[in-house]
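Trainee: Supplied in structure tokens, the structure appears directly below.
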Amino acid sequence: MNQVSADIALSNTLNQVRLKQFQQLLSPHQIAVLSTVIGALHCPKSRLLPGCPTAVSGFVSPPLFRPSDEDLSHTGPLLGLYAMGSSGSLGQTRSSDVDLWLVHEDGLDSDTLDALQQKAQWLSRWATEQGLETHLFLINPCQFGLPCQRCLDKEHSGSAQHWLLLEEFYRTQIRLAGKALAWWPGAPTHHPALLSLGQIQHLPASEFFGAALWQLFKGIDRPHKSALKVLLLEAYVADYPDQRILRDQLWYGLKAGKSVQETDHYLMLYQRLEHYLTRQQEPSRLSMVQRCFYLKCHSNSAPVDDDDWRRRKLTKLAKQWQWTPLLIESLDQAQHWHAGQVRWFNQQLQQLMLASYQRLTSFASGQRLPRQLQIQDMGILTRKLYTQFESEPDKLVRLNPLWSHGLVEPHLTLLQVDASDGHGGNWYLYRQPPDKRLLFGESPLFHHRSRLACIAWAAANGLVDFHTQIHCFNAGQGRSSRSLTRLARQFCQQLPQPETSDLEALQQPWHLDEITVVVNLEQDPSRHWHGSEAMLDLRGNKVLSTGRPKRPLIGSLELLCRNSWGELHYHSFDGEHGILKMLEQLMSGITNEHLPQVRVVSVGHRANRQITDKLQFLIEQCGRLRQQSRAEQLQVLPLTIGEHQYGLLFSTQGMHWRPADELPPLPEPLKEGTLQTLPQPRLGDDPYASAPAILRLHARKGMRQYFVRERQQGLDIYLLDENNVMQRFFHSVTQLSALIDNISDLYVFKQEGKFGGGSFNLPQFYRLKRCNGELTVMPLAESELLQLG
């Protein structure tokens with residue numbers, strides 16, 4: 002037997018063992034589902050799947066998974082189907098999803114590919130509905146080495162990684178149908194019995210940055226898996242340019258006579274990280290890696306079986322790591338972790354991944370950002386990471402439940418600390434009844450200057466249900482709070498984070514989706530008001546100016562705002578100007594296309610219905626005026642608060658307010674509820690005056706945005722900076738590419754981020770394009786750089 006034949010035989014043996022191990026953790030029903038999927042891809046007309054879209058079918062050789070009652074003699078343009086990732090390894094559990102690569106012949110026309118893509122998506126959905134979470138990806142055998150044509154989505158890395166993805170595929174793949182892969186180092190690329198997707202000679206340094214972004218992105222939902230993968234990138238970088246990739250280690254181990262289980266690709270991943278972190282003398286990070294690895298490989302749903310090699314291996318590893326029975330029991334019961342345990346693990350995982358990201362960006366700073374990392378993909382990735390990792394004082398961050406099946410607590414207690422500091426101190430949230438014996442030594446789950454923010458965080462993260470009691474503990478005494486309990490139970494239906502995030506929303510500036518206003522929780526003027534609520538109704542609901550002397554019945558205002566990027570923010574306002582400042586804040590997040598859902602909850606002593614109706618009407622009225630604004634006019638809405646009158650001024654830049662005596666001359670005296678319109682003053686001094694009007698609608702504080710408009714002479718570029726100050730430039734196409742590179746490099750590698758590495762709040766690039774006669778704003782795509790000008 003020559004060397005090539007021996008290598009093919011060794012690879013086939015590895016595939017057979019992996020395939021058997023893969024099937025061992027699938028239920029008979031899941032095996033039938035997978036067989037049906039393969040049959041639908043192989044046979045022209047699958048009788049088992051009515052409704053499945055029609056597309057090209059047929060593998061070049063019969064599937065290893067034998068579909069029942071199907072004609073296996075058919076052949077077609079499908080070169081192979083391969084499972085990848087943890088399938089067939091120590092890392093596979095009964096709850097693992099299955100990633101499948103469907104490799105087709107190069108040269109299929111676009112219509113054929115579209116039909117095959119629709120079929121793949123349909124089969125993925127069908128298999129998932131049947132209890133086998135499946136992700137089916139179309140692969141062109143020539144795509145590695147070419148720019149990625151597929152857009153980034155929740156499961157596909159787009160242009161973020163390339164050769165690193167192929168390296169992972171080669172070392173983890175299991176052939177289910179079609180040709181065997183030429184995956185090992187030095188494998189022949191033109192052998193008739195083998196399929197080659199390209200030889201990995203060298204992993205380009207420039208690719209590590211995009212791969213790190215992708216793994217952090219994936220880590221938002223499954224951080225324990227991504228922590229291992231991003232640390233592998235860090236380990237690869239530490240040895241650069243001497244690359245000992247896992248694919249090569251696995252193959253040389255097999256050639257040296259090691260068994261398939263000794264060269265298990267998930268076990269080798271851990272061993273590589275252990276070697277690296279031991280060398281770096283980082284025992285705390287290694288401890289977290291061990292826990293992530295154990296939790297990824299451990300499955301409570303798997304039956305206890307003395308012949309289960311996975312369980313035996315994990316038990317042996319835990320003994321080597323010198324784990325206590327208490328730690329093993331805690332990890333084995335991860336599905337029952339409470340919010341305190343989940344929060345601690347979240348924090349440790351975040352620190353682990355961001356430390357890796359910092360080192361990878363430090364390494365990549367000596368490189369240029371990879372041109373294959375397309376502008377729109379980098380924008381989506383960094384915006385999503387910004388929503389998760391960039392902390393802001395008033396952002397209520399989502400808690401990943403990890404493995405826990407439920408975080409609901411029967412009792413939550415708020416403890417006030419440093420109330421004498423003149424600012425009300427901070428409130429600390431505990432998962433205990435208000436008993437100082439239970440609170441002593443307990444770590445808080447969350448803290449904030451506001452009680453409402455604490456219970457909103459708890460409700461948004463699933464700690465509250467309709468039986469949860471909220472308590473306050475102050476001056477050594479605990480008491481149940483009816484008002485906070487009612488609010489918490491309202492919030493538990495309104496605030497939980499949606500399970501799926503809309504990546505398309507990340508291609509546009511954020512806007513407000515949902516607004517909850519809580520009135521008079523902390524300051525309640527209605528408690529000292531002795532008027533008649535019935536008279537309020539008769540006199541036009543003047544809750545903003547009633548009594549003698551005139552006083553508003555609105556004291557504290559607290560906002561909970563969810564935006565289109567999925568972020569939840571808290572803001573508070575008080576005093577006579579509080580209403581005005583609140584309206585100004587809200588109007589900055591409203592666009593012409595979208596009015597947010599508004600909920601007002603008044604919890605004061607009196608007039609709650611009237612206060613709720615008034616504020617609900619006022620916010621919605623202001624939102625409509627904000628949407629109706631025109632560049633050439635200024636709309637003025639009078640508003641009386643207490644004994645003072647103000648004007649709310651609406652323009653395309655938002656809303657601002659002034660006291661009545663500081664307003665520009667009006668055609669008529671101010672009259673409550675009567676809208677007046679003025680020509681926009683000093684238009685020539687407005688930097689927006691010479692810019693397209695649509696740019697005003699995209700202005701957002703805290704974001705740096707570039708808008709590119711095509712001209713005959715070149716490109717107009719408008720910059721809106723973090724404070725919405727506009728600048729205008731003129732560039733050629735080649736200058737634009739250099740500008741994008743330089744700005745992105747600056748923010749990624751040189752600007753200090755809040756976690757110690759680069760910033761995730763990268764500038765965003767848009768194209769101004771005329772569609773159906775109207776100027777529109779679209780994300781600037783990499784391919785368009787070649788078309789502009």
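Each position in the sequence shown, counted from 1, maps to that position plus 1 in this note's numbering.
Ideal placement from N, C-alpha and C gives every residue a C-beta, glycine not left out.
1. Would DSSP call M588 helix, strand or coil?
2. Alpha carbons only, please: which of Q495, R248, L328 and L124 is nearest the one belonging to C53?
3. Please report the distance separating the alpha-carbon of L496 from that of A460.
4. In the DSSP output, what is V520 paired with across the bridge?
5. Quick check on the burial criterion: 16 or more other C-beta atoms within 10 angstroms. Buried or exposed for H556?
6. Determine, using beta-carbon pairs with one atom in the stretch 236–249 and one in the stretch 268–282, whether at least three such pairs fall under 8 Å.
7. Can you give, in chain order, each stretch of the alpha helix (DSSP H) that sits fully within the stretch 274–300 and has at least 4 residues?
8. Work out the CA separation of E263 and P304 for me, nearest whole Å.
9. To the nearest angstrom, how far is the alpha carbon of G477 from that of P411?
10. Which residues in the same chain as I39 place their Cβ atom closer than 7 Å to its Cβ, once the five residues preceding and following it in sequence are excluded?
11. Out of G258, A228 and L270, which has the shortest C-alpha to C-alpha gap to R245?
12. Could you have a look at F467 and say whether DSSP puts it in helix, strand or coil?
13. If I measure Cβ to Cβ from Q646 and keep anything under 7 Å in the same chain, skipping five residues before and after, which residues do I get?
14. Give the secondary structure of T113 by DSSP, where H, G and I count as helix, E and B as strand, and everything else as coil.
15. Taking Q829 and F651 to be in contact with their CB atoms under 8 Å, please state how far apart those CB atoms are, rounded to whole angstroms.
16. Could you please give the first and the last residue of the uninterrupted beta strand (DSSP E) stretch that includes I718?
17. Pull the bridge partners of V709 from the DSSP assignment, please.
18. Exposed or buried, which one is M805 when buried takes at least 16 other CB atoms within 10 Å?
19. Could you check the C-alpha separation between Y767 and E330 for me, to the nearest Å?
20. Suppose you measure from the CA of L11 to the CA of N3; what does that come to, to the nearest Å?
21. Which residue's Cα is closest to the Cα of G108: H337, F447, T190 and P142?
22. Output needed for K770: all residues of its chain with C-beta closer than 7 Å, excluding positions within five of it in sequence on either side, in chain order.
23. What residue does the beta strand (DSSP E) around M779 start on, and which one ends it?
24. Only counting the same chain, and skipping five residues up and downstream in sequence, which positions put a Cβ closer than 8 Å to that of G220?
25. Output yes or no for whether 8 Å exceeds the beta carbon distance between A88 and V99.
26. Hey, which unbroken runs of the alpha helix (DSSP H) at 4 residues or more fall wholly within the stretch 155–200?
27. Would you call the CB atoms of I612 and V544 closer than 8 Å?
28. What did DSSP end up calling E505 once you bin it into helix, strand or coil?
29. Sorted by chain position, which residues of the same chain lie with C-beta nearer than 6 Å to R729's C-beta, five sequence neighbours on each side aside?
30. Quick one: residues in its chain with C-beta nearer than 8 Å to the C-beta of R273, no 5 flanking neighbours on either side, listed in chain order?
31. In chain order, what residues of the same chain have a beta carbon less than 7 Å from the beta carbon of L91, not counting five sequence neighbours either side?
32. Could you pull out every residue in the same chain whose Cβ sits closer than 6 Å to the Cβ of T129, ignoring the five residues on either side in sequence?
33. Going by DSSP, which residues form a beta bridge with M354?
34. Using the C-alpha atoms, what's the distance from R701 back to N13?
35. From the DSSP output, which residues share a beta bridge with A84?
Mentor: So, to answer that:
1. Start at 1 with the first residue of the sequence shown, and residue 588 comes out as number 587. Reduced to three states, the DSSP call for M588 is helix.
2. For the purposes of this step, residue 53 is taken as the residue at position 52 of the sequence shown. For the residues Q495, R248, L328 and L124, the minimum Cα distance to C53 belongs to L124.
3. Start at 1 with the first residue of the sequence shown, and residue 496 comes out as number 495. Start at 1 with the first residue of the sequence shown, and residue 460 comes out as number 459. C-alpha separation (whole angstroms): 7 Å.
4. Within the sequence shown, the letter at position 519 stands for residue 520. Per the DSSP secondary-structure output, V520 pairs in a beta bridge with L558 and S603.
5. By 1-based counting over the sequence shown, the position of residue 556 is 555. Residue 556 is actually Gly in this sequence, not His. Classification for G556: buried.
6. yes
7. 284–298
8. Here residue 304 is taken as the residue at index 303 of the sequence shown, counted from 1. Here residue 263 is taken as the residue at index 262 of the sequence shown, counted from 1. The predicted position of P304 is uncertain, since its pLDDT is 49 and thus under 50; no value can be drawn from it.
9. Working through the sequence shown from its first residue, we reach residue 477 at position 476. Working through the sequence shown from its first residue, we reach residue 411 at position 410. Taking the straight line joining both Cα atoms gives about 21 Å.
10. As a first step, residue 39 is located in the sequence shown; it is residue number 38 there, counting from the start. Closer than 7 Å at the Cβ level, and outside the excluded window around I39, lie P64, F66, P68, L82, L177 and A178.
11. As a working note, residue 245 is residue 244 in the sequence shown. In terms of CA proximity to R245, L270 leads the group G258, A228 and L270.
12. Taking the first residue of the sequence shown as 1, we reach residue 467 at position 466. Correct three-state label for F467: coil.
13. Mapped onto the sequence shown, residue 646 falls at position 645. For Q646, where only same-chain residues beyond five positions count, the Cβ hits under 7 Å are P639, A661 and L671.
14. Taking the first residue of the sequence shown as position 1, residue 113 is located at position 112. DSSP places T113 within a helical segment (H, G or I) once states are collapsed to three.
15. Absent from the structure is residue 829, since the part of the chain shown begins at 2 and ends at 790.
16. The residue given as residue 718 occupies position 717 in the sequence shown. From DSSP, the beta strand (DSSP E) with I718 extends over L716 to L721.
17. Counting from 1 along the sequence shown, the entry for residue 709 is found at position 708. DSSP output for V709 lists I718 and R768 as bridge partner(s).
18. Coverage of the chain is limited to positions 2 through 790, which leaves residue 805 absent and any answer about it impossible.
19. Stepping through the sequence shown from its first residue, residue 767 is reached at position 766. Stepping through the sequence shown from its first residue, residue 330 is reached at position 329. Going from the Cα of Y767 to the Cα of E330 covers about 52 Å.
20. The count along the sequence shown starts at 1 and reaches residue 11 at position 10. The count along the sequence shown starts at 1 and reaches residue 3 at position 2. One C-alpha to the other measures close to 12 Å.
21. Position 107 of the sequence shown, counted from the first residue, corresponds to residue 108. Cα-wise, what sits closest to G108 is P142.
22. Residue mapping note: residue 770 aligns to position 769 of the sequence shown, counting from 1. Excluding sequence neighbours, K770 sits near T777 and M779.
23. Here residue 779 refers to the residue found at position 778 when the sequence shown is read from its first residue. Per DSSP, M779 is one residue of the beta strand (DSSP E) stretching across E775 to P780.
24. In the sequence shown, residue 220 corresponds to position 219, counting from 1. So the qualifying residues of the chain are K226, S227, A228, V231, L350 and M354.
25. Locating residue 88 in the sequence shown gives position 87, where the first residue counts as 1. Locating residue 99 in the sequence shown gives position 98, where the first residue counts as 1. A quick correction: the sequence has Ser, not Ala, at residue 88. Closer than 8 Å, so yes.
26. As far as the stretch 155–200 is concerned, its whole alpha helix (DSSP H) runs of at least 4 residues are 164–173.
27. Counted from its first residue, the sequence shown places residue 612 at position 611. Counted from its first residue, the sequence shown places residue 544 at position 543. Contact check for I612 against V544 passes: the beta carbons are separated by less than 8 Å.
28. As a first step, residue 505 must be located in the sequence shown, where it is residue number 504. DSSP places E505 in helix when its eight states are reduced to three.
29. Locating residue 729 in the sequence shown gives position 728, counting from the first residue. Result list for R729: Y719, in chain order.
30. Position 272 of the sequence shown, counted from the first residue, corresponds to residue 273. Counting only Cβ-Cβ distances below 8 Å, and skipping sequence neighbours, we find L233, A236, L247 and Q250.
31. Reading the sequence shown from its first residue, position 90 is the one you call residue 91. Correct list, in chain order: D265, Y267, L268, C298, R311 and K314.
32. Start at 1 with the first residue of the sequence shown, and residue 129 comes out as number 128. Only T135 meet the Cβ criterion.
33. In the sequence shown, the residue the question calls residue 354 occupies position 353. BP columns for M354 are empty, so no partner.
34. Taking the first residue of the sequence shown as 1, we reach residue 13 at position 12. Taking the first residue of the sequence shown as 1, we reach residue 701 at position 700. Those two C-alpha atoms are separated by around 57 Å.
35. The count along the sequence shown starts at 1 and reaches residue 84 at position 83. DSSP output for A84 lists L101 and I175 as bridge partner(s).
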